[in-house]
Amino acid sequence: MDGHDSMRHHVNARFSTHNRDNDGWGADSCDFNGHCAEMHEGGWWYKHRSRYEHSGCNLKPTGCRKRRWQSCAKCNLNGVYRGGDGTNIFWDGIPGPGCHLRFVEMKLLSV
């Protein structure tokens, strides 16, 4: 896998958790009530209106008439692994039909 920067989309995004919804989606956002952290079952730097709303692996089908998909992120390393349904651990730029990851390790370096 190359070093594709999937975090670039999340610059200036506020961290969202199950009890802190900071993603910018409204409560009228169809089937997940505008709460990306609940939909993906994990906290992350989710952001309203991903400009990558095409048929990528990071999308969630909805019941909306005008939008077939709604996207919360280009990557999420803190989701629940459930195969390739798009609500789990994913990193945009990984080739293949599933586009999901089974394991990630995040390391932080103090600067």
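According to the UniProt record's numbering, numbering within the sequence shown proceeds without interruption in unit steps and concludes at 111.
Even glycine gets a Cβ: it sits at the ideal position worked out from N, Cα and C.
Source: prediction; values computed, not measured.
Rounded to whole angstroms, how far is the Cβ of residue i from the Cβ of residue j, which I believe are closer than 8 Å?
i: ASP92; j: HIS4; result: 7 Å
i: LEU108; j: ILE89; result: Incorrect: roughly 18 Å between the Cβ atoms, too far for contact.
i: THR73; j: CYS36; result: The sequence given here places Ala at residue 73; Thr does not occur at that position. Indeed, because the Cβ distance is near 7 Å, the residues count as touching under 8 Å.
Identify every residue that forms a DSSP beta bridge with residue i.
i: ASN76; result: PHE90
i: ARG20; result: THR17
i: TRP44; result: SER16
Can you have a look at residue i and say buried or exposed, based on whether 16 or more other CB atoms are within 10 angstroms of its CB?
i: MET106; result: exposed
i: SER110; result: exposed
i: ASP23; result: buried
Taking a contact to mean a Cβ-Cβ separation below 8 Å, would you say residue i touches residue j in this structure?
i: GLU41; j: GLY79; result: yes
i: TYR46; j: SER16; result: yes
i: HIS48; j: TRP25; result: yes
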